[in-house]
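Structure first, then comments.
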Amino acid sequence: MTQPVPIKFCESDADSLAAQPGRIAVLADAGTTLPPLVRKLDKLTRGAVSRAVGSDAFDKLKPGESLDLAFPAGLAADAVQILRLPRKATQDQARKAGAAVGRALSGVETLVCAENHPRAADIAFGLALRAYDFTPHKTAPPKPVGPVTLMVSAPEQVAAAAGAGAAVAEGVFFTRDLVNEPANVLTTDDFAARLAAMQELGLEVEILEEDALRALGMGALLGVGMGSETPSKVVVMQWNGGPEGEAPFALVGKGVVFDTGGISIKPAGGMEEMTMDMGGAGVVAGVMRTLALRKARANVVGLVGLVENMPDGRAQRPGDVVKSMKGDTIEVINTDAEGRLVLADVLWYAQERFKPSAMIDLATLTGAVIVALGHENTGVFSNDDALCDAFLSAAKAEGEGAWRLPMGEAYDAKLKSRIADMMNVGGRDGGAITAAQFLARFVKPDMPWCHLDIAGTALLKADSTLAPKGATGWGVMALDRLIRDRFEGK
Ligand code: BES
Ligand code: MN
Ligand code: ZN
Numbered sequence: 001m002t003q004p005v006p007i008k009f010c011e012s013d014a015d016s017l018a019a020q021p022g023r024i025a026v027l028a029d030a031g032t033t034l035p036p037l038v039r040k041l042d043k044l045t046r047g048a049v050s051r052a053v054g055s056d057a058f059d060k061l062k063p064g065e066s067l068d069l070a071f072p073a074g075l076a077a078d079a080v081q082i083l084r085l086p087r088k089a090t091q092d093q094a095r096k097a098g099a100a101v102g103r104a105l106s107g108v109e110t111l112v113c114a115e116n117h118p119r120a121a122d123i124a125f126g127l128a129l130r131a132y133d134f135t136p137h138k139t140a141p142p143k144p145v146g147p148v149t150l151m152v153s154a155p156e157q158v159a160a161a162a163g164a165g166a167a168v169a170e171g172v173f174f175t176r177d178l179v180n181e182p183a184n185v186l187t188t189d190d191f192a193a194r195l196a197a198m199q200e201l202g203l204e205v206e207i208l209e210e211d212a213l214r215a216l217g218m219g220a221l222l223g224v225g226m227g228s229e230t231p232s233k234v235v236v237m238q239w240n241g242g243p244e245g246e247a248p249f250a251l252v253g254k255g256v257v258f259d260t261g262g263i264s265i266k267p268a269g270g271m272e273e274m275t276m277d278m279g280g281a282g283v284v285a286g287v288m289r290t291l292a293l294r295k296a297r298a299n300v301v302g303l304v305g306l307v308e309n310m311p312d313g314r315a316q317r318p319g320d321v322v323k324s325m326k327g328d329t330i331e332v333i334n335t336d337a338e339g340r341l342v343l344a345d346v347l348w349y350a351q352e353r354f355k356p357s358a359m360i361d362l363a364t365l366t367g368a369v370i371v372a373l374g375h376e377n378t379g380v381f382s383n384d385d386a387l388c389d390a391f392l393s394a395a396k397a398e399g400e401g402a403w404r405l406p407m408g409e410a411y412d413a414k415l416k417s418r419i420a421d422m423m424n425v426g427g428r429d430g431g432a433i434t435a436a437q438f439l440a441r442f443v444k445p446d447m448p449w450c451h452l453d454i455a456g457t458a459l460l461k462a463d464s465t466l467a468p469k470g471a472t473g474w475g476v477m478a479l480d481r482l483i484r485d486r487f488e489g490k
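Anchor point for the sequence shown: position 98 equals 98 in UniProt numbering, and the numbering is continuous, going up by one each time.
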C-alpha cells in the first residue's frame with residue numbers, strides 16, 4: 001500500500017540553515033515579527049525573505065497559502081517556501097499550510113521550520129495527506145518523496161501528537177488506494193485478501209463466501225453478483241479495544257468493485273468511474289485500519305458487501321423478484337440500483353449477529369445525491385437526531401463536508417410494488433432520499449442509524465486541499481473522530 005512520507009522531528013537549529021539543501025518551508029504572518037529561524041534566513045538572504053513577506057503578493061495570501069522564493073542568494077537551498085500562517089491558526093488552516101508543502105514535495109530534502117507553532121502536528125498531518133500519489137500502475141519509477149524534517153521547539157511532544165495523525169493518514173491512504181485501484185486488479189477476491197492481511201494489525205477478519213451467504217438467505221446481495229465471474233462475499237472486521245462484552249458500533253460499506261449497471265446497463269461515457277463504487281467499503285476498511293493502528297479503546301465492527309454488477313446470461317433481470325435475509329421480497333425494477341440490494345442484506349446481518357449500539361453505513365449509492373449536493377458534501381440520512389448531530393459535528397471538526405437530507409413516509413410510499421413487498425427504485429425525483437428509505441426498511445425500529453451517500457465525495461476530478469485528484473478517503477477522519485469522541489473521551 002502507499003505509505004505516508006515519514007516525517008522526522010528535531011530541535012530548531014539556526015546554524016544548519018545556510019547549508020540546508022533542497023527546500024525550506026517557513027511560517028510567517030504579515031504585520032507580526034518574524035520567528036527566529038525566519039529572521040536568520042532573512043539575514044542569510046540579505047533581506048529577501050522579509051521583502052517577500054512585506055509584498056503585495058504575500059498580503060493577498062489566505063492563511064494556509066504560500067509563495068516560493070526560488071534559488072535564493074546566500075542559501076544552498078533551491079527554494080524557500082513562505083507559508084502564511086498566523087500563530088492563532090485553526091486546525092484547517094494549519095493542515096492547509098502543511099498541504100502546500102506536501103503538494104510541492106519532491107525527491108529533494110524538505111525542511112519545515114515550525115519552531116514553537118502550536119499547530120505543528122496539524123501541519124505534519126496536512127503535509128502527509130497531500131503528499132499522496134497513486135503510482136502502482138506507472139511503469140516509470142515513482143518520483144521519490146522526502147525526506148521531510150520538521151524543526152520544532154519540543155520534538156518529542158510534537159512527534160507524539162503527530163503519531164495519532166499518522167495512524168489516521170495511513171487509514172486514509174488505505175481507503176484511497178482501494179478506491180483508485182481498477183476493477184481488473186481489485187476483484188472481490190483481491191479486496192478480501194487485502195482486508196484479511198489486516199489481521200497482522202490485530203483485527204479479527206472473517207470472509208463469508210457465497211455458500212455461507214446463501215445459507216443465511218442473502219438473496220438480495222447474491223442477486224447482484226450473479227452476472228460476475230468474481231464471487232460475492234461479505235467481509236467482517238472486528239476491533240475489540242473497548243470494554244469486554246460492550247455492544248459494538250457497526251460500520252457497513254457498499255463494496256461494488258465495478259458497477260456496469262448490469263442488464264440495465266449504464267451509458268459508456270464515464271462508466272470507467274464505476275471502479276470507485278466500492279468507496280463505502282473502502283472507507284470502512286480505512287477506519288478499521290486506523291483503529292487498529294492507534295489501538296482504539298472501542299469495540300467496532302466493520303462489515304462490507306463485496307460484489308460486481310455485470311451483465312451476463314446468468315445476470316439478474318429487471319422484473320426479477322429476490323428475497324432478502326430479512327425475509328422481505330424485492331422487485332428489481334432496475335438492476336443498476338444494486339447498492340441498496342447489497343446493503344439491505346449486510347445491514348440486516350450486522351444487526352442480527354452483533355446487536356450493535358448504533359450503525360452507520362457508507363455507500364456511493366446515487367447519482368441523485370450529486371445533483372442535490374455536488375461534490376462538496378456527503379448526503380446524510382438518519383433516524384436518530386443525537387447520532388446524526390454527533391456525526392455532523394465530527395465531520396465539521398475534521399473539515400469533511402456533510403449535509404443532512406430529510407426522510408419521511410411519503411418518500412417510502414414510492415417503493416410500493418404490485419407483486420412484491422417493495423421495488424428497488426422509487427422514481428427519479430428525490431432519488432437519494434428514496435434510496436435511503438429503501439435502506440431504512442432494513443434497519444430495526446430502535447436502532448440508531450445514519451446513512452452516508454458518498455457518491456459525490458469519494459472521488460474528485462480536481463485536486464482538493466488535502467488530496468490530489470482521484471480518491472479522497474472522505475469520511476475516515478470524521479468517523480475516527482466520532483469513535484474517539486463517543487467511546488474514548490478524547
Ligand atoms: N453506483 C451508482 C451511483 C453513482 C453514480 C455513484 C455516480 C457515483 C457516481 C449506483 O449504483 C446507481 O447506479 N444508482 C442509480 C440508481 C437509479 C437506477 C435508481 C443512479 O443514481 O442513477
Ligand atoms: Mn448502479
Ligand atoms: Zn452502484
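All C-beta atoms in this analysis are idealised placements derived from N, C-alpha and C, irrespective of residue type, glycine included.
Just so you know, these numbers come straight off a predicted model, no measurement behind them.
Under the rule that 16 or more other beta-carbon atoms within 10 Å means buried, what is A169, buried or exposed?
Buried, because 16 or more other Cβ atoms sit within 10 Å of the Cβ of A169.
Classify M325 as helix, strand or coil using the three-state DSSP reduction.
In the structure shown, the three-state DSSP call for M325 is coil.
Could you have a look at I419 and say whether DSSP puts it in helix, strand or coil?
The answer is coil: DSSP assigns I419 none of H, G, I, E or B.
So, is I24 buried or exposed, given that buried needs 16 or more other C-beta atoms within 10 angstroms?
I24 comes out buried.
Specify the secondary structure class of I82 as computed by DSSP and reduced to three states.
DSSP places I82 in strand when its eight states are reduced to three.
Put M310 into one of helix, strand or coil per three-state DSSP.
When DSSP states are grouped into helix, strand and coil, M310 belongs to the coil group.
Looking only at C-alpha atoms, which of P21, P6, V5 and D59 sits nearest to G31?
Looking at the Cα atoms, D59 is the closest of the given residues.
Proximity test, E308 beta-carbon vs ligand 2 heavy atom, cut-off 6 angstroms:
Not one heavy atom of ligand 2 lies closer than 6 angstroms to the C-beta of E308.
Contacts around L44, its chain only, beta-carbon distance under 7 angstroms, and the 5 residues preceding and following it disregarded:
Cβ within range, chain order: L17, A18, G74 and L75.
Does R55 come out as helix, strand or coil in the three-state DSSP assignment?
The amino acid at residue 55 is misidentified as Arg; the sequence shows Ser. S55 sits in coil when the DSSP states are folded into three classes, being neither helix nor strand.
Proximity below 7 angstroms, CB of E331 to CB of S417
Yes, they are a contact pair.
If you measure from the CB of E352, is any heavy atom of ligand 2 nearer than 6 angstroms?
Outside the cutoff, so no.
In chain order, what residues of the same chain have a beta carbon less than 7 angstroms from the beta carbon of P144, not counting five sequence neighbours either side?
G107, listed in sequence order.
What residues in its chain sit with their C-beta under 6 angstroms from that of K414, if we drop five residues either side in the sequence?
So the list reads G426, G427 and T434, once near-sequence residues are dropped.
Q199 (DSSP reduced to helix, strand or coil):
Helix at Q199.
Which residues mark the beginning and the end of the alpha helix (DSSP H) in which W348 is found?
It spans G339 to F354 - the alpha helix (DSSP H) in which W348 sits, taken as one unbroken run.
Kindly indicate which residue of I265, G489, G64 and A114 has the alpha-carbon position closest to the one of Q91.
Cα-wise, what sits closest to Q91 is G64.
With H, G and I counted as helix, E and B as strand and the rest as coil, what does DSSP make of K233?
Looking at K233 - three-state DSSP - the assignment turns out to be strand.
Just checking my contact of V369 with V172 at CB under 8 angstroms: how many whole Å lie between their CB atoms?
About 22 angstroms separates the two Cβ atoms, so there is no contact after all.
Between the Cα of A52 and those of K62, A77, L37 and Q81, spot the shortest distance and give me the residue it belongs to.
Between A52 and the set K62, A77, L37 and Q81, the nearest pair of CA atoms involves Q81.
Where the alpha helix (DSSP H) containing R87 begins and where it ends
Counting along the chain, R87 falls outside any alpha helix (DSSP H), and DSSP gives it neither H nor E.
L373 versus D259 - alpha carbon distance
Approximately 22 angstroms between the Cα atoms of the pair.
Taking buried to mean at least 16 other C-beta atoms within 10 Å of its own C-beta, is N116 buried or exposed?
Exposed, because fewer than 16 other Cβ atoms sit within 10 Å of the Cβ of N116.
If we count the other Cβ atoms within 10 Å of its Cβ and call it buried at 16 or more, is E71 buried or exposed?
As written in the sequence, residue 71 is Phe, which differs from the Glu given in the question. Counting C-beta atoms within 10 angstroms of its own C-beta, F71 has fewer than 16 neighbours from the protein chains shown and is therefore classed as exposed.
Through-space distance from R87 to P118, alpha-carbon basis
Straight across, the Cα-Cα distance linking P118 with R87 is about 7 angstroms.
Closest residue to G219 among A77, D320 and D429 (Cα-Cα distance)
With distances taken between CA atoms, G219 lies nearest to D320 out of A77, D320 and D429.
Please go through the region 233 to 306 and give each complete alpha helix (DSSP H) segment of 4 or more residues, from N-terminal end onward.
The region 233 to 306 contains these whole alpha helix (DSSP H) runs: 279 to 293.
Looking at the strands, I want to know which residues DSSP matches up with W403.
W403 is bridged to G379.
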